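Undergrad: Going letter by letter, the sequence shown gives residues 87 to 197 in this note's numbering. Glycine included, each C-beta is placed from N, C-alpha and C at the ideal position. Predicted model, so just to flag it, every value in this text is computed and none were measured.
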Amino acid sequence: MTKSELIEHIAALQTQLSAKDVELAVKMMLDHMTEALSDGDRIEIRGFGSFSLHYRAPRLGRNPKTGEKVELAGKYVPHFKPGKELRERVNLSLQLELSPSSSSSPNWSAS
Numbered sequence: 087m088t089k090s091e092l093i094e095h096i097a098a099l100q101t102q103l104s105a106k107d108v109e110l111a112v113k114m115m116l117d118h119m120t121e122a123l124s125d126g127d128r129i130e131i132r133g134f135g136s137f138s139l140h141y142r143a144p145r146l147g148r149n150p151k152t153g154e155k156v157e158l159a160g161k162y163v164p165h166f167k168p169g170k171e172l173r174e175r176v177n178l179s180l181q182l183e184l185s186p187s188s189s190s191s192p193n194w195s196a197s
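#1: Considering only DSSP beta bridges, list what K167 is partnered with.
#2: Taking the C-alpha atoms as reference points, what is the distance between A122 and R128?
#3: Whether or not the region 102-115 and the region 141-161 are in contact is what I'm after, with contact meaning three or more pairs of Cβ atoms, one per stretch, closer than 8 Å; do they touch?
#4: Measure the CB-CB distance between S124 and K167 and report whether it falls below 8 Å.
#5: From R145 to V163, what distance separates their C-alpha atoms?
#6: Quick check: the Cα distance between V176 and R132, rounded to an integer number of angstroms?
#7: Give the secondary structure of K151 by DSSP, where H, G and I count as helix, E and B as strand, and everything else as coil.
#8: Is DSSP giving R128 helix, strand or coil here?
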């Protein structure tokens with residue numbers, strides 16, 4: 087699901103809100119989350135999950151074009167840890183979808 091699809095879906099469910107209102111709310115939420123992570127803060131949305139930063143130590147990499155070794159600097163990367171409720175709901179949905187009575191299989195291909 088893309089951001090645009092999310093906005094369309096919420097706007098369809100919440101008919102009292104215009105698509106522009108939903109778009110603004112989603113944009114503001116993502117902007118605030120990005121700013122919080124940029125400040126080094128942890129974000130926790132109970133039942134959904136938490137966002138934090140993980141440090142990746144400096145390492146030696148390789149230029150795929152030339153094969154030359156390249157030193158890569160250490161950096162912080164965003165990390166998402168799903169909450170218990172999200173994990174349980176996803177697993178329940180997949181178990182129902184993969185039950186022997188179901189002939190369809192999940193779409194594991196990347197979008």
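TA: Judging by the given coordinates:
#1: S136
#2: 7 Å
#3: no
#4: no
#5: 15 Å
#6: 16 Å
#7: coil
#8: coil
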